[in-house]
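Residue numbers (the UniProt record's numbering), protein chains in the order written: chain A, 1 to 258; chain P, 1 to 303.
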């Protein structure tokens, strides 16, 4: 793959879905490219269609206009080349232990042998610091630990792209900050590609290297900007993004903080 | 408005006093012997009370005792034999009356009907998750047939299949299928969206998706269905055997009860009923409880 060729390309994607009463346009003609090694953020307030957009990349929703290509192949259905990490804690299979949860994914989707799958599973379970809990069932773990298992599972599959849908949103603030640091440390180690959905501006700047700003009702691209690691720059950027998203929409702001 | 919080002056109201900051050293203040007990052993009585078998056993002993006392005060063997008389009759029937053979005959029919019922329920629920029309079919069938007592079908079964085990199996299947299908189906519907998405993320589809994701995820409901189905089947069988039990030479437990009532051997009737209860207790507390302990309790989906 040449350097200029994007790993994931989203072109003019419009997504609509029906409720019993209405036809809702979730996103309208969204374009963006994700390159190898990107920590690409979809950022926007509630109702901007960022999660819907990611589910379309995941293959769960088919856009009614435009197309999504991963390595040049059109995305048609869910698959293990795009592993999802969800916000919900119930994304682990409760009937399997931590190690089995990771190994099961490898066995079913990658057709690894049992021994190979367990070995690789253990490697990634250790990577997220849960070796002591490898044989525990998910219900014995705290929320942060469950999310770590989900991340280990996603990474163990070595997907083309890791899709993370507000994975830390349901955690308490202290755990969330630690998980963000851990995720960045893991990225430093393996340089995976991740598409990360969040509604927190601070999280977007901290995690991402490139941020796609979406405006709500329907979701349209407002800007695509580079993040920064410099703390003073980051504070400035946070303010700028805040103004871009909310300056003319005070009600949206209120809803966001509610 | 959110801006309100920023415009409210911070120094409104009386000023709070200025206080020094306080830091505690981690261990300096508590000496070793001051530390309170963190973990203490339970007393003997508490430990025993925590064993469910003992608690349930105690209840059984009390019930047996009450039965014995009532039976003795009534002193009427024809109406209400005491516990000890029933146990004696049970022992005698096991040794001489062929009670075990009767129970075995009943169980054989029961297991056949139960197995066929499970199979049928599996096919129906599989159709129900495969298509919309299958789901409608299952919903209509269960709402029609679930309230229909299996015994009500017995006369028809006798005409269709004659005086044989086939008729018994037929009513058993009817009593089992709908309960299991209904519970399994609602279990499948209750599987969380996230788990379903995880399964599809692994590339699972069709049969693999059902066996590897849906069935384990819906297992608590499926197990409930199996338990209800078992109870329904057992009841139906005994009732059906009371109506007609003579099939291919050896009747089951229901027929044993009916026969002994006709002979006015009431303690044998009680012995027969006790056998029904004992088998029910064993299945519930040994088989189903073990399955529960190994599955849903270990997975933390039931406590």
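Beta carbons: idealized from backbone N, C-alpha and C, even for Gly.
Residues of its chain near residue i, where Cβ-Cβ distance is below 8 Å and the 5 sequence neighbours each way are ignored
{"i": "residue 248(P)", "result": "Residue placement at residue 248(P) is flagged as unreliable, the pLDDT there being 47, under the threshold of 50; a coordinate-derived value is accordingly withheld."}
{"i": "residue 254(A)", "result": "Note that residue 254(A) scores 47 on pLDDT, short of 50, meaning its location in the model is unreliable and no value can be drawn from it."}
{"i": "residue 65(A)", "result": "12, 13, 14, 29"}
{"i": "residue 261(P)", "result": "269"}
{"i": "residue 256(A)", "result": "In this predicted model, residue 256(A) has a pLDDT of only 46, less than 50, meaning its place in the structure is not dependable; the value taken from the coordinates is given anyway. 45, 46, 199, 246."}
{"i": "residue 68(P)", "result": "82, 83, 84"}
{"i": "residue 77(P)", "result": "85, 266, 267"}
{"i": "residue 242(A)", "result": "201"}
Beta-carbon contacts of residue i that lie in its chain and below 6 Å, excluding the five residues immediately before and after
{"i": "residue 80(A)", "result": "109, 157"}
{"i": "residue 50(A)", "result": "42, 44, 197, 214"}
{"i": "residue 109(P)", "result": "165, 168"}
{"i": "residue 102(P)", "result": "252, 253, 256"}
{"i": "residue 114(P)", "result": "176, 233"}
{"i": "residue 225(A)", "result": "211"}
{"i": "residue 309(A)", "result": "This structure cannot settle anything about residue 309(A), because the visible part of chain A is limited to 1 through 258."}
Residue range of the unbroken alpha helix (DSSP H) whose run includes residue i
{"i": "residue 268(P)", "result": "266–282"}
{"i": "residue 49(P)", "result": "44–49"}
{"i": "residue 197(P)", "result": "193–201"}
{"i": "residue 169(P)", "result": "165–189"}
{"i": "residue 53(P)", "result": "52–74"}
{"i": "residue 145(A)", "result": "143–156"}
{"i": "residue 209(P)", "result": "206–209"}
{"i": "residue 122(A)", "result": "114–127"}
Chain-order list of residues whose beta-carbon lies under 7 Å from that of residue i (same chain, five-residue window excluded)
{"i": "residue 60(A)", "result": "78"}
{"i": "residue 283(A)", "result": "Nothing can be reported for residue 283(A): it is not among the residues displayed for chain A, which extend from 1 to 258."}
{"i": "residue 107(A)", "result": "114, 117"}
{"i": "residue 217(A)", "result": "47"}
{"i": "residue 294(P)", "result": "none"}
Contact set between residue i and chain A, taken where Cβ atoms lie within less than 7 Å
{"i": "residue 194(P)", "result": "86, 88, 90, 91"}
{"i": "residue 155(P)", "result": "By Cβ distance, chain A contributes nothing, its closest Cβ being about 44 Å from residue 155(P), past 7 Å."}
{"i": "residue 227(P)", "result": "Within chain A, no residue comes near residue 227(P); the closest Cβ sits about 19 Å away, beyond 7 Å."}
{"i": "residue 56(P)", "result": "Neighbours of residue 56(P) on chain A: none; closest Cβ ~26 Å, over 7 Å."}
Partner residues on chain P for residue i, Cβ-Cβ distance less than 8 Å
{"i": "residue 139(A)", "result": "299, 300, 301"}
{"i": "residue 79(A)", "result": "201, 203"}
{"i": "residue 193(A)", "result": "Here the premise fails: no neighbours, minimum Cβ distance about 16 Å."}
{"i": "residue 83(A)", "result": "201"}
Continuous beta strand (DSSP E) stretch holding residue i: start and end
{"i": "residue 168(A)", "result": "Residue 168(A) -> no beta strand (DSSP E), and no H or E assigned at all."}
{"i": "residue 82(P)", "result": "Where residue 82(P) is concerned, there is no enclosing beta strand (DSSP E), given that its DSSP letter is neither H nor E."}
{"i": "residue 224(A)", "result": "220–226"}
{"i": "residue 31(A)", "result": "23–34"}
{"i": "residue 99(P)", "result": "First-last for residue 99(P): 99–130, but that is the alpha helix (DSSP H), not the beta strand (DSSP E)."}
{"i": "residue 69(A)", "result": "65–70"}
{"i": "residue 53(A)", "result": "Where residue 53(A) is concerned, there is no enclosing beta strand (DSSP E), although the alpha helix (DSSP H) it sits in stretches over 50–58."}
{"i": "residue 213(A)", "result": "210–215"}
{"i": "residue 17(A)", "result": "8–18"}
{"i": "residue 41(A)", "result": "39–43"}
Burial state of residue i, where buried means 16 or more other Cβ atoms lie within 10 Å
{"i": "residue 47(P)", "result": "exposed"}
{"i": "residue 3(P)", "result": "Legend: pLDDT at residue 3(P) = 48, less than 50; position of this residue unreliable, no value from coordinates given."}
{"i": "residue 68(A)", "result": "buried"}
{"i": "residue 81(P)", "result": "buried"}
{"i": "residue 208(P)", "result": "exposed"}
{"i": "residue 60(P)", "result": "exposed"}
{"i": "residue 44(P)", "result": "exposed"}
{"i": "residue 336(P)", "result": "The structure shown does not extend to residue 336(P), since chain P is modelled only from 1 through 303, so no value can be given for it."}
{"i": "residue 119(A)", "result": "exposed"}
{"i": "residue 7(A)", "result": "buried"}
{"i": "residue 124(A)", "result": "buried"}
{"i": "residue 127(A)", "result": "buried"}
Contact set between residue i and chain P, taken where Cβ atoms lie within less than 7 Å
{"i": "residue 94(A)", "result": "299, 300, 301"}
{"i": "residue 109(A)", "result": "202, 203"}
Partner residues on chain P for residue i, Cβ-Cβ distance less than 9 Å
{"i": "residue 105(A)", "result": "198, 201, 202"}
Contacts that residue i makes with chain A (C-beta to C-beta distance below 9 Å)
{"i": "residue 216(P)", "result": "93, 94, 95, 96"}
{"i": "residue 261(P)", "result": "The contacting residues do not exist; residue 261(P) stays about 48 Å from chain A at best."}
Closer than 7 Å: residue i CB and nearest the ligand ATP heavy atom
{"i": "residue 165(P)", "result": "Although the ligand ATP was asked about, the structure shown includes no ligands whatsoever."}
inquiry  = Does the structure place the stretch 190–206 of chain P close enough to the stretch 265–277 of chain P that three or more beta carbon pairs sit under 8 Å?
reply    = no
inquiry  = Does the contact criterion of 3 or more C-beta pairs under 8 Å hold for the stretch 151–165 of chain P versus the stretch 206–223 of chain P?
reply    = no
request  = Kindly confirm or deny that the stretch 85–93 of chain A and the stretch 159–176 of chain A touch, where touching means at least three C-beta pairs closer than 8 Å.
outcome  = yes
request  = Would you check if the stretch 141–157 of chain P and the stretch 83–100 of chain P touch, i.e. whether three or more CB-CB distances between them fall below 8 Å?
outcome  = Counting Cβ pairs under 8 Å, fewer than three are found: no touch.
task = Assess, as a yes-or-no matter, whether the stretch 203–223 of chain A is touched by the stretch 27–37 of chain A under the definition of 3 or more beta carbon pairs within less than 8 Å.
result = Touching, per the Cβ criterion.
ask   = Is it true that the stretch 34–52 of chain A meets the stretch 209–219 of chain A, where meeting means three or more beta-carbon pairs spaced less than 8 Å apart?
value = Flag = yes, the stretch 34–52 of chain A and the stretch 209–219 of chain A touch.
Contact between the stretch 261–270 of chain P and the stretch 281–294 of chain P (3+ Cβ pairs under 8 Å) = no
inquiry  = Would the stretch 218–238 of chain P count as touching the stretch 185–192 of chain P if we require 3 or more Cβ pairs under 8 Å?
reply    = Using a Cβ-Cβ distance cut-off of 8 Å, the stretch 218–238 of chain P and the stretch 185–192 of chain P are in contact, since at least three pairs of beta carbons, one from each stretch, lie closer than that value.
key: the stretch 226–236 of chain P in contact with the stretch 113–126 of chain P per 3-pair CB rule at 8 Å   = Taking 8 Å as the limit for Cβ pairs, the verdict is that the stretch 113–126 of chain P does touch the stretch 226–236 of chain P.
query = Should the stretch 178–189 of chain A be called in touch with the stretch 95–102 of chain A, which here means at least 3 C-beta pairs below 8 Å?
reply = no
task = Scan the stretch 41–71 of chain A for residues whose Cβ lies nearer than 9 Å to a Cβ of chain B and list them as they occur along the chain.
result = Judged by its chain identifiers, the structure shown contains no chain B, and its protein chains are A and P.
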